[in-house]
Structures are given as structure tokens and as C-alpha cells.
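So the sequence lines, in the order shown, correspond to chains A and B. Be aware that the first sequence starts at 167, since it is given in the working numbering, and climbs by one per residue. Be aware that the second sequence starts at 21, since it is given in the working numbering, and climbs by one per residue. Presented below is the structure to which this report refers.
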Amino acid sequence: MAYSCTIRGFTYRFDSLRELLAKASPLRSGDALAGLVADSYEERVAAQIALADVPLTAFLNEAVIPYETDEVTRLIVDTHDTTAFTIISHLTVGDLRDWLLSDEADTVTLQQLAPGLTPEMVAAVSKLMRNQDLILVAKKCEVVTRFRNTQGLRGHMAVRLQPNHPTDDAKGIAASIIDGLLYGSGDAMIGINPATDSPAATSRLLFMLEELRERFAIPTQSCVLSHVTTTLQLIEQQVPVDLVFQSIAGTEKANASFGINLALLQEAYEAGLSLQRGTLGSNLMYFETGQGSALSSNAHHGVDQQTCEVRAYAVARAYQPFLVNSVVGFIGPEYLFDGKQIIRAGLEDHFCAKVMGLPMGMDICYTNHAQADQDDMDTLLTLLGVAGVNFIMGIPGADDIMLNYQSTSFHDALYVRRVLGLRPAPEFEDWLLRQGIMDQQGNRLSGQAQKQLYAALVG
Amino acid sequence: MSEIRKAGVESDEWESLKAYTKARIALGRTGVSVPLRESLQFKLAHAHAKDAVYSALDVTDLQNQLALCGLPVYCVRSRAIHRDMYLQRPDLGRLLDERSAEQLQQLDSPAADISIIVADGLSASAIRQNAAQVVSGLVDKAKQAGFSLAPIVLVEQGRVAIMDAIGSLLNARLAIILIGERPGLSSFDSMGAYITYAPRPGLTDESRNCISNIREQGLAPVLAVDKIMDLIWSAFRLQLTGVQLKADSNAGILPA
């Protein structure tokens, strides 16, 4: 179907929803690389004006990637909750933007609506929003999940302790874990990116994490981010797997380039459940996403990178994940060029995932060939803290020595908890108090207690 | 009001753990924040990495150094004209500009076993520090082993896949590109080596082998030469590179 908008006597035409969504996107380098961007500033706004008039029902009739050729489209269409959709079925995309911002769209209503929203509807509405709109609506969403502690409660923000080491050296990893725990990080999980995908190395790390967690009765969960096929193999061999990790994308072909499909994810999800290791709840999948992955695997089907990204959230949603993480600035400047594009993308990803009902966190990060620095990370960190992000990364000094990029540090997490009055996950906070790592105010560190715990950890 | 004392920067009790990792642990704190000394160290490392990304290859200097190997050295460019274009358009960095392609075509190179290519990639600093040593080591070992060598090609604003066009225009059975890697904070000067058997335009990463982190503090250039030669032997023996060729698969195999 064609869409159009006339400005000062010139009519812009957009041949499909796919083209309209792409041209309505705020400018980013990845869409330029794919040749999908609006030709002028005026055309971009014309696309946004035309998009605002599109009825939401149009998204149920026009798939951006055909149903027949893509299993992600089939998942989106087949699992769409038409009952939940009823309350907004008469709206246009523009109406939806205004309604989301209205006081009628409160936390409970948004939670009920989530399964009625398709990723394309959510991507579309985000393109009509300014940064403050993305923050305000995301703030109203509350997505709570449980495994060995509780994530996503309002007023709390968790941290994934990421103690990576370039050779997976156990002592090097342990040193970073101790540093993180003593700075109050690690409630989202202790999650290691392994240097190799070898099952033996992954297993060794999982046993090490298990021992540490049990020895100090830390109410958290661990994850070694190996490929899901490796994790499946380890589960069969009775290795203690808490969270099951996989990178996912928004098209079948991009997922294939990651070596996965929906059936494999389902198998891994069920295998994880069979272990029954969660004590408070059974959310156990951990997904990572990021704008640009579909384009970089040449699997975007002419769909803009942000819409592809939101389609990945539909994949995530099918497996009741414990946490979802957009690794926003990792992929490089050919997809998100500078701090401005990274910040915008981060807010979009968080908003879109939350509105779809996902426990969204973020790896607020950049590479050294992007036009960004730690000031940009501070800005995005603060904005996401205000927006109610479920968790962020905690990396020693914000410098990942294995993946060679910069993210947020243990100190950064303490900063944002302090300025916004956010607390760790409640069960983990109790542990921090019992250990004397933090006091009742929630963020002051106690040197004496840390010293004692350190002695216990290395003793 | 009493006089303000200098803020008590608290050091961490677990500084001894720094012996186990290069990670920035036990940084200490003032309040919940990183002490200034550590903050500036971080900024300095980032400055080195950024300078590496925007460092320009001193083509003439490197050309002179490489010429000592006794092979002709040609300088070419990709279609990415400047750095920002290079960063945003990886597709252009993979293509030779027209004049460069013509230049190589006109050489009408006789068939050769190995084509050695050097490209700035994401860190010209990495190339400045490591390339000459690795190239001269490779040329020596390849000559000793009886391989024929194509002229050496230096590429400005090049991505890995540009090796396919160059190797193919030079009529080479195998191409190797030494290229500046994406710089990390603790390693802004790492060079990578990619090897492709039967280079031709249109190949993708799954048809290459890679050796990374070549630098004095990582994989030392001397050792890198041996690793690359091992891969070259394997590639010629199996007549392929890429996912089906594992490093070390050829350990101990002698020249045919």
C-alpha cells in the first residue's frame, strides 16, 4: 500500500510501510549504509507526518517482511493478542503516541496492553517521539522478573557484573568479581563473556561461579555467554547453568547467521527450565540484541535497523526472559555514528522493549572508532536511570579488556543509584547489608566491612 | 566553619588482586566516584585509542622500510576518501578506487604464490609499530621456502576484504593482509593478519583465517610470522582457508 504527505505543494510518496518506517526514522549511519534513509530533512518529517496517520490495524494487514519467508514475522502474527489490542484498535500511530503519554496510560493498563502490540507498531510510535517522550512512557512501565532475586521493581536498578578476561583466567576473573561485589554490583547476574566458545572452558567458569555464589550465599544468578548450542550441551552434562544466553536478531535470516532459530531457542528454554534452579521464579533466558545486526549479516530485507531491533524483542518475548540487554553502541559507527545516535538508539530500545513487556537493561557502551566518549555514556546512563532501566553493566573502570570497548563501571552504577535514589534488587540489597558492604542508606560503602569480606573471599 | 580538608581518596584493601588482571580494579573512590588520577588515566588511554583511529599512515616512510625487503612496493587507496567516510561506509573501504585498480591491472603481474598487503584499517599506529617487522619476516621465510611473491601493496583506508581484489589483480594464489585492528583502551596498537586462499572479489569472512593481537605486548611480531607461515602451509596443502582450516592443523608438516 502507498502512503503520502504533501508539503508546500510537493507530494512525498512512500510505497510501503517498510519504506515509510525507514524514512521516518531519526537519522543514523546504519540506515544510510543500507540506503534506506530519507533524502532530506523535509522528507523525514513528511514520512513522520504520514506515519502518524496510519491506522494501527494497517500493521496487521501489511507485514514488513513476508509471513511466508520469515519465521519471526510468523511469530509476531501468530502470537498477536487481539483481545489486548482491542483497547487501541481504533487508533492511528499518532493517536497511540498521544495516548501513551496521557495519564490514562498507567502502569497496569500498559502491562495489559503489551501483548496486543506488535514490534512494528511500537517501532512506528517511537519514531514519532522525542527523547523525553521515550523516557516518560518507559518510566510508567514496570516489568518484574524472578530467578534467584527480583528484577525490575520500581525504584531499583540492578547491575550485571561483567568480569571478562582475555584468556578466561580464573584468578583474573575472580579478582574482578571481588572488586564488583565489594562495590555493590552483581545483582542482575555475574555474567562472563568467554574468550572462546569451548564447552570445557565454559563449564569450568560455570562451576567456579557456582562455588563462589554458594560459598557466600549470594542471592544472584550466573551466566557464561556461550552459544546456545554449547549451553544445551552443558545442561545435558549436568553443568550448573542458571541463565541461558543467546544473541538474537529480528529476522529469520539474521538469526540464522547467529546459528539459531526459534525451535532451537525453545529447546534451550525448556532445557533450562528442566534444571529448576530458580528459587524465586523461573524466568531464565538472557538475550542480547543491538541495532545493526540484521544489516551487518545482510539480512534486513530493506527494513530499517531500529524496526529490525524491535522485531528481536518479539523473539525475546516468546521465552519469558529474566533479562534482555541491548548492547547499544557495541557494533560500531557504521551503524550508530556518534554519541547523539547512540543515546537516541538507547532510549528507543529501552522504550520499545518495556512497552512490549520485556525486562530491558542496557549495555551503555561505545567503541573507540565511534564519535563518543564517557560523557556521552554519563548522559545516557542518567537518562536510562530516570527512565527506569532494569539493569546496566558493571565493568571494572568501564574498560572491558576482553571485548575492547567501553561501558559503565561499578562506580557509575553507584553514581546513578545515588543521584536517583535507586536501590539494588531487594534480596541482593539484604545481602549487601548483612555483609556490611553497604549501609542502610543504600549506597555508602563501608571500608571496614569490605576489608573483612575481601579477607574471607581470598582466604 | 572549619577549614576544608583535601578529600580523603580511599584506596581499596584488595589492591594486591591487580596482579591477576589488567582490568581496572581496586581503583579506590572519593564518595562513590572514581579518584581523579584514575579518571585521567582512563582519558589518556581513550586519547591514545582515538589518536590511533585517526592516525594517518605515513605511506612514504613505510614504503621505504618495506622496500628493504627487495620487492616492489605499490601504494593504493580504497574508495573511502577520508576517515569519517571510512568509518561510516565499510563497503567503500572494501573496494579499490578506480585508479588504484587500473594501476595494479597494468602491472600485468605474473602468477605468484603469495601477495602481501598492508592496510591502515582502524589503527595506523598498529601498522607503524608492527607491519615492517612482520612483512620482512614473512618475505624472508617465504623466499627460503621457495614461494614466489607478488609485489607488496600498501592500502590507505582499507578494510579486510580489499585483499580479495588486490590478490586477484596480482594473480596470487594466496593473499595476506596485515591491518590495524579496532583499538581497545589497553591495546591501541594491535595488528591483525588475515589470510585468504584463492582471493577473488565477493568472498566473505568465513573464507579467511585470522591471527589477531599482533604487537609486542600481545603476540610478538616474531612469533606472529611463524603462526602466519604455519597457516600458509596449511592453506596450500588443503587448498583452502576459512572455517575448514584450523590453526595448528599443520604443525610439523614440512614444505612440499
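Cβ atoms here follow ideal geometry from the backbone N, Cα and C, with glycine treated the same way.
*Would you please verify whether the beta carbon of A:E286 is less than 8 Å from any beta carbon of chain B?*
By 1-based counting over the first sequence, the position of residue 286 of chain A is 120. So, not an interface residue.
*Within the stretch 405-481 of chain A, ranges of the alpha helix (DSSP H) (whole runs, at least 4 residues)*: 418-423, 428-441 and 459-462
*Shorter than 8 Å from the beta carbon of B:G262 to some beta carbon of chain A?*
For the purposes of this step, residue 262 of chain B is identified with residue 242 of the second sequence, where counting begins at 1. Cβ-Cβ to chain A under 8 Å: no for B:G262.
*Assign A:D566 to one of two classes, buried (16 or more other C-beta atoms within 10 Å of its C-beta) or exposed (fewer than that).*
Numbered from 1 along the first sequence, position 400 holds the residue referred to as residue 566 of chain A. Buried.
*Could you tell me the boundaries of the alpha helix (DSSP H) in which B:A144 lies?*
For this step, residue 144 of chain B is matched to residue 124 along the second sequence. Segment A144 to Q164, the alpha helix (DSSP H) holding B:A144.
_Please state the DSSP three-state secondary structure of A:Q572._
Position 406 of the first sequence, counted from the start, is the residue given in the question as residue 572 of chain A. Three-state result, A:Q572: strand.
*Below 8 Å between beta carbons: does that hold for A:T368 and A:L409?*
Along the first sequence, read from residue 1 onward, the residue named residue 368 of chain A stands at position 202. Along the first sequence, read from residue 1 onward, the residue named residue 409 of chain A stands at position 243. Contact flag unset, no.
*asked:* Measuring straight from C-alpha to C-alpha, what distance separates A:V220 and A:L586?
replied: Against the first sequence, residue 220 of chain A aligns to sequence position 54. Against the first sequence, residue 586 of chain A aligns to sequence position 420. Their Cα atoms are separated by approximately 38 Å.
*In chain B, which residues lie less than 8 Å from A:G357 when you measure between Cβ atoms?*
Here the question's residue 357 of chain A lines up with position 191 in the first sequence. One finds nothing in chain B with a Cβ atom closer than 8 Å to the Cβ of A:G357; even the nearest lies about 15 Å away.
*Label B:H102 either buried or exposed according to how many other C-beta atoms from any shown protein chain fall within 10 Å of its C-beta, with 16 as the threshold for buried.*
Residue 102 of chain B sits at position 82 when you count from the first residue of the second sequence. Of the other Cβ atoms in all chains shown, fewer than 16 fall within 10 Å of the Cβ of B:H102; this residue is therefore exposed.
_Euclidean distance between Cα positions of A:P385 and A:L619_ = Taking the first sequence and counting its residues from 1, one reaches residue 385 of chain A at position 219. Taking the first sequence and counting its residues from 1, one reaches residue 619 of chain A at position 453. C-alpha separation (whole angstroms): 16 Å.
*Could you give the residue range of the beta strand (DSSP E) that holds A:T177?*
Within the first sequence, numbered from 1, the residue matching residue 177 of chain A stands at position 11. Unbroken beta strand (DSSP E) run through A:T177: F176 to F180.
_Whole-angstrom distance between A:S292 and A:G563, CA atom to CA atom_ = On the first sequence, residue 563 of chain A is found 397 positions in, with the first residue counted as 1. On the first sequence, residue 292 of chain A is found 126 positions in, with the first residue counted as 1. Roughly 33 Å between the two C-alpha positions.
*Does the beta-carbon distance from A:L513 to A:L549 come in below 8 Å?*
Counted from its first residue, the first sequence places residue 513 of chain A at position 347. Counted from its first residue, the first sequence places residue 549 of chain A at position 383. Their beta carbons are under 8 Å apart, which means A:L513 touches A:L549 by this criterion.
*To the nearest angstrom, report how far apart B:A152 and A:N421 are at their CA atoms.*
Sequence index remark: in the second sequence, residue 152 of chain B carries index 132 (1-based). Sequence index remark: in the first sequence, residue 421 of chain A carries index 255 (1-based). When rounded, the distance between both Cα atoms is 40 Å.
*Examine the Cβ distances between the stretch 224-240 of chain A and the stretch 413-420 of chain A and report whether three or more of them are shorter than 8 Å.*
Cβ pair count under 8 Å is three or more, so yes.
*Starting from B:S232, follow its DSSP beta bridges and name the residues at the other end.*
The residue you call residue 232 of chain B lines up with position 212 of the second sequence. Secondary-structure assignment with DSSP links B:S232 through no beta bridge to anything.
*To the nearest whole angstrom, what separates the beta carbons of B:I136 and B:I196, a pair I think is in contact under 8 Å?*
Against the second sequence, residue 136 of chain B aligns to sequence position 116. Against the second sequence, residue 196 of chain B aligns to sequence position 176. By a beta-carbon distance limit of 8 Å, B:I136 contacts B:I196. Their separation comes to about 6 Å.
*Using Cβ-Cβ distances below 9 Å, what residues of the stretch 528-540 of chain A are close to chain B?*
T533, N534, H535, A536, Q537, D539 and Q540
*Taking Cβ-Cβ distances shorter than 8 Å, what residues in chain A pair up with B:S207?*
Residue 207 of chain B sits at position 187 when you count from the first residue of the second sequence. N570, listed in chain order.
_Check for me: the beta strand (DSSP E) holding A:L489 runs from which residue to which?_
Against the first sequence, residue 489 of chain A aligns to sequence position 323. Boundaries of the beta strand (DSSP E) harbouring A:L489: L489 to V493, taken from the DSSP string.
*Quick one: residues in its chain with C-beta nearer than 7 Å to the C-beta of A:T223, no 5 flanking neighbours on either side, listed in chain order?*
Here residue 223 of chain A corresponds to residue number 57 of the first sequence, with the count starting at 1. The answer, listed in chain order, is S255.
_B:R119 (DSSP reduced to helix, strand or coil)_ = For this step, residue 119 of chain B is matched to residue 99 along the second sequence. DSSP places B:R119 in helix when its eight states are reduced to three.
*Rounded to a whole number of angstroms, what is the C-alpha to C-alpha distance between A:Q412 and B:D78?*
Position 246 of the first sequence, counting from 1, holds the residue named residue 412 of chain A. Position 58 of the second sequence, counting from 1, holds the residue named residue 78 of chain B. Each residue's alpha carbon lies about 43 Å from the other.
_If I measure Cβ to Cβ from A:M374 and keep anything under 8 Å in the same chain, skipping five residues before and after, which residues do I get?_
Working through the first sequence from its first residue, we reach residue 374 of chain A at position 208. Cβ contact annotation for A:M374 (same chain, cutoff 8 Å, sequence separation greater than five): A336, I339 and A340, in chain order.
*For A:G495, verify whether its CB is less than 7 Å away from any heavy atom of the ligand HEM.*
This structure lacks the ligand HEM, and indeed carries no ligand of any kind.
*asked:* What does DSSP give as the partner residue(s) for B:Y214 in the beta ladder?
replied: Reading the second sequence from its first residue, position 194 is the one you call residue 214 of chain B. Its beta-bridge partners are B:I197 and B:C230.
*Cα-Cα separation between A:M626 and B:S188, rounded to whole angstroms*: A question about residue 626 of chain A goes unanswered here, because the residues of chain A that appear run from 167 up to 625.
*To the nearest angstrom, how far is it from the Cα of A:T177 to the Cα of A:Y207?*
Numbered from 1 along the first sequence, position 11 holds the residue referred to as residue 177 of chain A. Numbered from 1 along the first sequence, position 41 holds the residue referred to as residue 207 of chain A. Looking at the two C-alpha atoms, the distance is approximately 15 Å.
*Best match in A:W597, A:V325, A:Q277 and A:D299 for proximity to A:E308 [C-alpha to C-alpha]*: Along the first sequence, one-based indexing puts residue 308 of chain A at 142. With distances taken between Cα atoms, A:E308 lies closest to A:Q277.
*If we ignore side chains and look at the alpha-carbon of each, how far apart do B:M105 and B:G51 end up?*
For this step, residue 105 of chain B is matched to residue 85 along the second sequence. For this step, residue 51 of chain B is matched to residue 31 along the second sequence. Their backbone Cα atoms lie some 43 Å apart in a straight line.
*If the cut is a Cβ gap below 9 Å, which residues of chain B does A:S195 touch?*
By 1-based counting over the first sequence, the position of residue 195 of chain A is 29. Residues of chain B passing the Cβ test: L107, Q108 and R109.
*Buried or exposed: which applies to A:S440, given that a residue is buried once 16 or more other Cβ atoms fall within 10 Å of its Cβ?*
Taking the first sequence and counting its residues from 1, one reaches residue 440 of chain A at position 274. With fewer than 16 other beta carbons inside 10 angstroms of its own, A:S440 counts as exposed.
*chain A residues whose Cβ lies nearer than 8 Å to that of B:E58*: Taking the first residue of the second sequence as position 1, residue 58 of chain B is located at position 38. G563, listed in chain order.
*Helix, strand or coil at B:L174 according to DSSP, with G and I counted as helix*: Counted from its first residue, the second sequence places residue 174 of chain B at position 154. It is a strand residue.
*asked:* Contact defined as beta carbons within less than 8 Å: I believe B:E265 pairs with B:N233. What is the distance between those atoms, to the nearest angstrom?
replied: On the second sequence, residue 265 of chain B is found 245 positions in, with the first residue counted as 1. On the second sequence, residue 233 of chain B is found 213 positions in, with the first residue counted as 1. Sequence inspection shows Leu at residue 265 of chain B; the Glu mentioned does not correspond to that position. B:L265 to B:N233, Cβ: 19 Å. No contact.
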